[in-house]
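All the letters of the sequence shown, read from the start, carry residue numbers 4 to 539 under the UniProt record's numbering.
Note that beta-carbon positions come from the ideal geometry of N, C-alpha and C, so glycine has one too.
Heads up, the thing below is written out as structure tokens.
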Amino acid sequence: DEKILAASKRHPIVPLEKGQLYTYGTAGFRMRADLLEGVTFRVGLLSALRSRKQNSQAIGVMITASHNPAADNGVKIVDPMGEMLEQDWERLATALVNSPTDEDLVKLYNRLATDLKIDLGSPAKVIYGRDTRPSGYRLVTALADALEATESEYVDYKLLTTPQLHYLVRATNTEGNPLSYGEVSEAGYYKKLASAFVRAMKSRKIDGTLTVDCANGIGGPKLSEFLKYIPKDKVNFDVRVVNDDILRPEILNLNCGADYVKTKQRPPPIPKLQPGVRTCSFDGDADRLMYYWIDPQTGFFMLDGDRISSLAASFIGELIESAGLKDEMRIGVVQTAYANGASTTYITQHLKLEVICTPTGVKHLHHVAQGFDIGVYFEANGHGTVLFSPDALLAFEEKEPQSPAQKDALDTLAALADLINQTVGDALSDMLMVEVILAHKRWTLRDWAMTYADLPNRLVRVEVGNKDLFWTTDAERRLSHPEGAQEEIDGEVKKYKDARSFARASGTENACRVYSEAATRYEAHELAERVANIIE
Ligand code: NG1
Ligand code: ZN
């Protein structure tokens, strides 16, 4: 206790304004970096408890604020199989971090150990990494102090993308067993992806150059490193890495990256995008992906998370059919209320696949996707992945192919299951998946874009006095509180053809968001304004 107390005094928590709490939200604790040192120390204490509770398996801690500005940072915990922290423990994280004094902190730490029957004498292991933010170094020092004080073993992987840390956690905990996820090293991650990429391509050709905008974040150097692992004689993958300057931290996510492209609906101004060039953007910690190009005839066109999701679902659906596994495999797509209605219609009516809608936040989507043999999930913002069940993996390995075409389909499915990050959305892995699919289908981005036409839509942020007054039901598509608000929204929606609109409190900002879709751009905008007026 004395060690923890002394260490805690070196990393004091900054008191927030009266009535405000630090909260473990969808992305862990995320805020201005200068508030985070004490928070990170306390997260270190919790991760040590979590490891001891999970039979001494390794727990991950990632220091990143993703697509947020350079002055922010964040800290989140990764569970043993590389998944997000179990929801019940988010409450514990919030409680521990908000302990008013160092003494209260130690008391609560011990109480949690007693209540949860955690043996503080058992071994604990925590592994961690950080993105390129300059504040990250100070934060991992606080984290290491907590791990020293709790006598936990730890490994500092230094600079990593968020999905790499998730990979390393799972690889660490499956090392040497039949379900091994891969070599426990950053190189192991590259080797696994490169080998799966080559197998999935199987001498198919990739057309032209792919330009990758790395948001001036950690994705830049990691992508360049990965490219060295691709055998040039097996795959012709011509990549141009841009916005990969991590030496000037102030330009991280500035006028570039997946979030910029999605919210501004335009390409980064630098480097100037030439018409016809296939391009994609990562976000600052490389877990989100957006594809786009400038069509010489029609201008800028963006392929977001909904498009990646429907592309993956359509391709995997076809492979399952060719592999003769259609009757055994349940394929499903998981979306949130922000998915464009046209994508949902395309997946259900054209691809004839099941779609489930969940609340915002990838942990919800991930959880539902695990219920399928093959579960495809993406948020419209480009964060997502495809999950394969143990039964699906076994079928790809063990089914006796009846024809060369069937064998090819089974091999491609097995390669995809290795290529696609099974722990969390991963921009690098998702990008390779998209490249594989386009090469197999011999599609350009234009062909991909032709699959369906998005409904005109609008997303607005609305400042409200108290966002906690807004309660939702039906996967956030309807308001149950304040009373009468939903009836008013319904009244407005009814006035438009093919329209849909909903309002909800943001989980990451102090505001509400209103989303609307309608038959024309003008109507979608007008409807959003009207619903925003109801909420204000
Ligand atoms: P909130 O602030 O709860 O709307 C946003 C994104 C989510 C998700 C989280 C975490 C939108 C509309 N919402 O959530 O998709 O990614 O941030 O990063 O894009
Ligand atoms: Zn991110």
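Simplified DSSP assignment, three categories, for residue i
i           : result
residue 520 : strand
residue 167 : helix
residue 55  : helix
residue 232 : coil
residue 434 : helix
residue 136 : coil
residue 474 : strand
residue 338 : strand
residue 302 : strand
residue 357 : strand
residue 47  : helix
residue 375 : coil
residue 380 : strand
Start and end residues, alpha helix (DSSP H) containing residue i
i           : result
residue 96  : 90 to 100
residue 327 : Unbroken run through residue 327: none, as it is neither H nor E.
residue 191 : 189 to 204
residue 6   : 5 to 13
residue 265 : 261 to 267
residue 413 : 407 to 422
residue 540 : The structure shown does not extend to residue 540, since the chain is modelled only from 4 to 539, so the question has no answer here.
residue 113 : 105 to 118
residue 493 : 488 to 496
residue 449 : 448 to 452
residue 467 : No alpha helix (DSSP H) holds residue 467; DSSP gives it neither H nor E.
Contact belief for residue i with residue j at Cβ below 8 Å, rounded distance in angstroms
i           : j           : result
residue 223 : residue 170 : The pair is not a contact, with the Cβ atoms about 18 Å apart (cut-off 8 Å).
residue 66  : residue 139 : 5 Å
residue 276 : residue 242 : Going by Cβ atoms, the distance from residue 276 to residue 242 rounds to 16 Å, so no, they are not a contact pair.
residue 105 : residue 12  : 6 Å
residue 295 : residue 285 : That pair is no contact at about 13 Å.
residue 123 : residue 55  : 7 Å
residue 436 : residue 377 : Not really, about 13 Å apart at Cβ, beyond 8 Å.
residue 458 : residue 344 : 5 Å
residue 41  : residue 14  : 5 Å
residue 270 : residue 264 : 6 Å
residue 160 : residue 185 : The Cβ separation is near 14 Å, so there is no contact.
residue 349 : residue 447 : So it is not a contact: roughly 19 Å between Cβ atoms.
Nearest neighbour of residue i, chosen from the options [CA to CA]
i           : options               : result
residue 493 : 533, 469, 464 and 528 : 533
residue 421 : 295, 439 and 294      : 439
residue 50  : 81, 38, 30 and 23     : 81
residue 484 : 506, 500, 391 and 501 : 506
residue 510 : 71, 197 and 364       : 364
residue 322 : 408, 76 and 452       : 408
residue 30  : 92, 232 and 77        : 77
residue 399 : 347, 328 and 458      : 328
residue 487 : 450, 521, 444 and 537 : 537
residue 367 : 357, 377, 354 and 387 : 387
residue 451 : 529, 298, 36 and 467  : 298
residue 25  : 256, 185, 63 and 96   : 96
residue 515 : 528, 499, 526 and 474 : 474
residue 417 : 57, 281 and 203       : 203
residue 371 : 229, 339 and 350      : 339
residue 217 : 5, 143 and 290        : 290
Residue i - containing beta strand (DSSP E), residue span
i           : result
residue 508 : 503 to 508
residue 161 : 156 to 162
residue 347 : From DSSP, residue 347 is part of no beta strand (DSSP E) but of the alpha helix (DSSP H) over 344 to 348.
residue 484 : 481 to 484
residue 399 : Per DSSP, residue 399 belongs to no beta strand (DSSP E); it is in the alpha helix (DSSP H), 393 to 401.
For residue i, the residue or residues it bridges with in DSSP
i           : result
residue 79  : 65
residue 32  : 78
residue 296 : 304
residue 283 : 215 and 294
residue 128 : 61 and 156
residue 144 : Residue 144 is not bridged to any residue.
residue 388 : 380
residue 460 : 520
residue 87  : 81
CB contact below 9 Å: residue i versus chain C
i           : result
residue 215 : Here chain C cannot be found, since the structure has a single protein chain.
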